[in-house]
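Below: the structure, in structure tokens.
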Amino acid sequence: MGTTDLGSLISGPGQIQYGDLLLGAGTPYRWRALSGWEELPALDSSSALRPDAHGAYPGALLAQSRTIGLDLMVRAPRDQIGGTIAALNAGTAPRADEIPLVVWLDERGPLLVNARAVRRAVPVANGYTVGTILGAAIQWEASDPRRYGVDEQVVETGLPAPEPGLEWAGGTGLEWPDGLDWGQGGATGNIGAVNGGDSPTSPVVTFTGPVTSPRLSQEDGRTLEYDITLAPGDRLVVDTRAGTVTLNGSASRLYTATTRSTPEQAFTLAPGTTSLAFRAESHTAGARCAVEWRAAFW
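Just so we're aligned, residue 261 is where the sequence shown starts under the working numbering, counting upward by one.
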């Protein structure tokens, strides 16, 4: 698969992009039906029947992977049908990793999942020789069933800093207004992350040194905290979806999580606005915390 930017081939509703393969309006691959996209994925329930009363104790609902099916009609000039099918075959070849599948259905704009093609059907019948193939189909599987906004959101903050206060002008007495410098407001270390979807989303959190024991907390008490000292320019990246903690792009530092740190995969951003607070045991100027996420939808 090539390196085309996320969703960059899509120009409007009715189109689907999988890697470098564009399907739908304006292409030889006209889709007739899309399944598994607007439906809820299958849910596993941990509800337990009440032993002495009607009903059950409601338990957690955990979504399974999302299966997406696309029914196609392929149409091309009869002397180009071979190349058209070859491009479809290459674009849906089995692969080890998931890549973006971007779907633009309507005025809500495009949404994406990361998926792999797991089935492809291209019937060879009489119409094949004249460049028309009915009943073609592609099926994808997305291990993360949530659908995401294409645009990534980012907020960043430093650690709390005190207000510098007033600086008095030189000489005698107070000069107003030129003699009074109110200074610049100190950073608060507090930020808000807005998830515009209807599903919790998993952010990527990056702590940048110099800082000791960086910590990011939510109002409900969920916290990411690591017993580590970051030198100037060091980057500790916490991928809450994957559950990884990586120093400078390669070295795992998952073991540095403190006893009060929430499991990484439980540190999600609920729909709406989440208030976050960046704190540390000690730091000097330059310490930063960045939070990246996409709106998530069921």
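Every residue, glycine too, gets a C-beta built ideally from N, C-alpha and C. Model, not experiment: these values are computed from the prediction.
> Opposite residue 413 in the DSSP bridges: which residues?
Replying inline: 553
>> Just to confirm the assignment: which complete beta strand (DSSP E) runs, minimum length 3, are found wholly within the region 380-407?
In response: Fully enclosed beta strand (DSSP E) runs of 3 or longer: 392-402.
> How would you write the range of the alpha helix (DSSP H) that residue 341 sits in, first residue to last?
Replying inline: 341-351 is the span of the alpha helix (DSSP H), which, as asked, contains residue 341.
>> In the DSSP output, which residue or residues are listed as bridge partners for residue 335?
In response: 392
> Using the rule of at least 16 other Cβ atoms within 10 Å of the residue's Cβ for burial, across every protein chain shown, is residue 435 buried or exposed?
Replying inline: Model confidence at residue 435 stands at a pLDDT of 48, short of 50, so the residue's coordinates are unreliable; what they give is reported in the following sentence. Classification of residue 435: exposed, given that the 10 Å Cβ count is below 16.
> Looking only at DSSP bridge pairs, what is residue 512 linked to?
Replying inline: 506
>> If I measure Cβ to Cβ from residue 437 and keep anything under 7 Å in the same chain, skipping five residues before and after, which residues do I get?
In response: Confidence at residue 437 is low in this model, with a pLDDT of 47, below 50, so the placement of that residue should be treated as unreliable; the coordinate-derived value is given next. Counting only Cβ-Cβ distances below 7 Å, and skipping sequence neighbours, we find nothing.
> Once you ignore the five residues that flank residue 378 on each side, which residues in its own chain have a CB closer than 6 Å to its CB?
Replying inline: 399 and 401
> Just checking my contact of residue 282 with residue 291 at CB under 8 Å: how many whole Å lie between their CB atoms?
Replying inline: The Cβ separation is near 11 Å, so there is no contact.
>> Residues in the same chain with beta-carbon distance under 6 Å from residue 477, minus the five sequence neighbours each way, listed in chain order, please.
In response: 483 and 537
>> For residue 480, tell me which candidate among 540, 343 and 526 has the shortest Cα-Cα distance.
In response: Per the Cα distances, 526.
> Nearest CA to the CA of residue 307: which residue from 313, 373, 394 and 317?
Replying inline: 317
> What residues are listed by DSSP as bridge partners for residue 292?
Replying inline: According to DSSP, residue 292 bridges with nothing at all.
> Helix or strand or just coil, what does DSSP make of residue 526?
Replying inline: helix
> Cβ of residue 547 within 8 Å of Cβ of residue 463?
Replying inline: no
> In this structure, does DSSP put residue 367 in helix, strand or coil?
Replying inline: coil
> Residues bridged to residue 477 by DSSP?
Replying inline: Looking at the DSSP assignment, residue 477 forms a beta bridge with 483 and 537.
>> Once DSSP output is grouped into helix, strand and coil, what is the label at residue 359?
In response: strand
>> On the CB-based measure, 16 or more other CB atoms within 10 Å of its CB, does residue 524 come out buried or exposed?
In response: The residue in question, residue 524, is buried, as its Cβ has 16 or more Cβ neighbours within 10 Å.
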